[in-house]
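The block underneath contains the structure these notes are about, expressed in structure tokens.
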Ligand SMILES: Nc1ncnc2c1ncn2[C@@H]1O[C@H](COP(=O)(O)OP(=O)(O)O)[C@@H](O)[C@H]1O
Ligand SMILES: [Mg+2]
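Protein chains in written order, with our numbering: chain A, 1 to 263; chain B, 1001 to 1319.
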């Protein structure tokens, strides 16, 4: 993958063409074509069950954990088709990190959660203690947790408050140096304060990372994204800049949805 | 309790439909049956406890008398000389029997733990639903084979097999008994171990997979640490099963009182000794009492193992 320094405005982050996905016989994604810009925050909105999570989980191919999933079409991430036979799932998932709906820190210490990615991608001998320590400090500082947690790094991560857990889940992606961060309703388990904190964090990470966030919260999409994609029943209905999409939606279905008529 | 609330809540309608003492009588009968049922169930629960204590006290009473005579407990535990029926010089040293039990159990666990936990991981993480059901049925079948049948397999299958594979003169030895015990304790390890792995939330697996972990990394970095208490309990329950097993080891280990120097030596276990000799010892004789003392020893070992397993499992639940 190209380095962050080579980024240009026209450089696409994620491109899909004629993307279809079936869960056994049920088609959950229908002919999705989209171009997600690099370095920006793109939100995915739509009523529950329209396929937002499914689409997001295509981008790091975790959908394939279920044996009955079938995908056709093309997904290019940073210019590379991720369904090419020579693509390594491990490398793909290193460059495309994911944050889940419910914070899911592993049941190990805070420290080990953050270095988990480094440990699985490097030999034990390649990692020095100081390297790991530095990575932990950097990642926690980046998400604004360092001051709160620096004295309790050995505590179990599952004992933290939900907001801290979710920030930790973002922090643990950073040491593996992803290009893209996928977030699936990252604030749905959090209160207003926590939601605000995560949104601020997203803005802080914007530019260095391409962020795709699924949300069912219209206000959040409006506040926290550059571009917005509206989906309905497995199809992409509209994809425009967030401001435009909310001010004058081109498609009547989009208008209905953002006016809250269904969803 | 809940039921009473329901009856009370239903009262007004009932009264309006059937005025008079009818409803009241029905209510009384209902509450009476409820009380009787509650007591029957309570009795069932208590009886389990009573039986355990009853058995313990019976075994204790039969054996403990010996400890007040000139019997040396130290000698009993530390001597390897087991000559309970000698005319001239009776000696009751159970060290060889303890070592016999330990050697067979340890060897069995060396075989069964990797197999059992490996199978648990395979069933829980690598099988699709269909294969999983099939495998579980087969494994449960394994648990249903009576131990005499295992002993029979030990004598007629394992014995010649060990003789030809390892070129040893006799195949009835530690290894034979251990193989049988391993096969007998694998089912419980698999089923408890699989439960423990199943209890690990899928979100942990997803977290690791999304960070680029391979299947093996997910298993040894996430699942095993997350399920370690349950897996440990699985192992301990397997150990408990192996320590207490009698018939199969009686038939398969050669039945020689002997401190083994290799897995090809014959031994005799605590359980096998009781089973083989209790019928011949006259009731109340020292020999008889010593056998009960061995029973107490066994009881204590399995009790300690099971209790540990239990506490560990409880620890899992609390979290
Ligand atoms: N693992 C799965 N197996 C079968 N069907 C699924 C699975 N996950 C999602 N679906 C179906 O796919 C559709 C889209 O689901 P999802 O992507 O979760 O929607 P959203 O995130 O927009 O609420 C839904 O109809 C859902 O029932
Ligand atoms: Mg969803």
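Each residue gets a CB set at the ideal place from its N, CA and C atoms; glycine is no exception.
Any idea if residue i is buried or exposed, counting beta-carbon neighbours within 10 angstroms, 16 or more meaning buried?
i              : result
residue 1310/B : exposed
residue 1116/B : buried
residue 1005/B : At residue 1005/B, the pLDDT of 42 sits below 50, so the modelled position is not reliable and the matter cannot be decided from this model.
residue 221/A  : buried
residue 85/A   : exposed
residue 1114/B : exposed
residue 104/A  : buried
residue 1072/B : exposed
residue 1010/B : Below a pLDDT of 50, predicted positions are generally treated as unreliable, and residue 1010/B, at 43, falls in that range; the measurement from the model is reported next regardless. Under this definition residue 1010/B is an exposed residue.
residue 147/A  : exposed
residue 1196/B : buried
residue 6/A    : With a pLDDT of 45 at residue 6/A, under the threshold of 50, the predicted position of this residue should be treated as unreliable, though the coordinate-derived value follows. Result: exposed.
residue 61/A   : buried
residue 1320/B : Residue 1320/B lies beyond the range of chain B shown here (1001 to 1319); nothing can be said about it.
residue 111/A  : buried
residue 1129/B : exposed
residue 2/A    : Note that residue 2/A scores a pLDDT of 43, beneath 50, so its modelled location is shaky; the value from the coordinates is reported in the next line. So residue 2/A ends up on the exposed side.
residue 1320/B : Here chain B has residues from 1001 to 1319 only, and residue 1320/B is not among them.
residue 1266/B : buried
residue 239/A  : buried
residue 194/A  : buried
Would you mind giving the Cβ-Cβ distance between residue i and residue j, rounded to the nearest angstrom? I have them listed as a contact below 8 Å.
i              : j              : result
residue 256/A  : residue 241/A  : Rounded, the Cβ-Cβ distance is 20 Å, inconsistent with contact.
residue 1293/B : residue 1100/B : Residue 1293/B to residue 1100/B, Cβ: 16 Å. No contact.
residue 1341/B : residue 1199/B : In the structure displayed, chain B extends from 1001 to 1319; residue 1341/B sits before or after that span and is not available.
residue 234/A  : residue 24/A   : Actually they do not touch by this definition, with Cβ atoms about 14 Å apart.
residue 1250/B : residue 1151/B : 7 Å
residue 201/A  : residue 144/A  : 7 Å
residue 1163/B : residue 1171/B : 4 Å
residue 41/A   : residue 55/A   : Actually they do not touch by this definition, with Cβ atoms about 16 Å apart.
residue 1213/B : residue 45/A   : Not really, about 31 Å apart at Cβ, beyond 8 Å.
residue 1271/B : residue 1246/B : 4 Å
residue 1242/B : residue 1109/B : 7 Å
residue 1194/B : residue 1124/B : 5 Å
DSSP beta-bridge partners for residue i?
i              : result
residue 1129/B : Answer is none; residue 1129/B lacks a bridge partner.
residue 238/A  : 230/A
residue 44/A   : 214/A, 229/A
residue 98/A   : 182/A
residue 112/A  : DSSP lists no partner for residue 112/A.
residue 256/A  : Bridge partners of residue 256/A: none, in fact.
residue 1254/B : 1267/B
residue 81/A   : 76/A
residue 1082/B : 1092/B
Return yes when the Cβ of residue j is within less than 8 Å of the Cβ of residue i, no when it is not.
i              : j              : result
residue 1231/B : residue 1224/B : yes
residue 1161/B : residue 1248/B : no
residue 1174/B : residue 1286/B : no
residue 1302/B : residue 1236/B : no
residue 171/A  : residue 139/A  : yes
residue 1264/B : residue 1166/B : yes
residue 96/A   : residue 178/A  : yes
residue 1097/B : residue 1268/B : yes
residue 236/A  : residue 21/A   : no
residue 75/A   : residue 180/A  : no
residue 19/A   : residue 58/A   : yes
residue 1274/B : residue 1291/B : yes
residue 212/A  : residue 175/A  : no
residue 1120/B : residue 1189/B : yes
residue 17/A   : residue 73/A   : yes
residue 182/A  : residue 99/A   : yes
Along the chain, where does the alpha helix (DSSP H) containing residue i start, and where does it finish?
i              : result
residue 144/A  : No alpha helix (DSSP H) holds residue 144/A; DSSP gives it neither H nor E.
residue 1025/B : 1022-1064
residue 1239/B : 1228-1244
residue 170/A  : 162-171
residue 1259/B : From DSSP, residue 1259/B is part of no alpha helix (DSSP H); its letter is neither H nor E.
residue 1163/B : 1159-1166
residue 1210/B : 1202-1210
residue 1153/B : 1147-1153
residue 208/A  : That residue, residue 208/A, is in no alpha helix (DSSP H); it is neither H nor E in DSSP.
Can you tell me where the beta strand (DSSP E) holding residue i begins and where it ends?
i              : result
residue 27/A   : 26-37
residue 20/A   : 12-23
residue 196/A  : Note, residue 196/A: premise wrong, no beta strand (DSSP E); alpha helix (DSSP H) at 192-205.
residue 1280/B : Unbroken run through residue 1280/B: none, as it is neither H nor E.
residue 1192/B : Counting along the chain, residue 1192/B falls outside any beta strand (DSSP E), though it belongs to the alpha helix (DSSP H) covering 1174-1198.
residue 1118/B : It is not in any beta strand (DSSP E) - residue 1118/B instead sits in the alpha helix (DSSP H) that spans 1095-1121.
residue 76/A   : 69-77
Ligand 4 heavy atoms versus the CB of residue i: any closer than 7 Å?
i            : result
residue 69/A : By its list of ligands, the structure shown excludes ligand 4, since it contains just ligand 1 and ligand 2.
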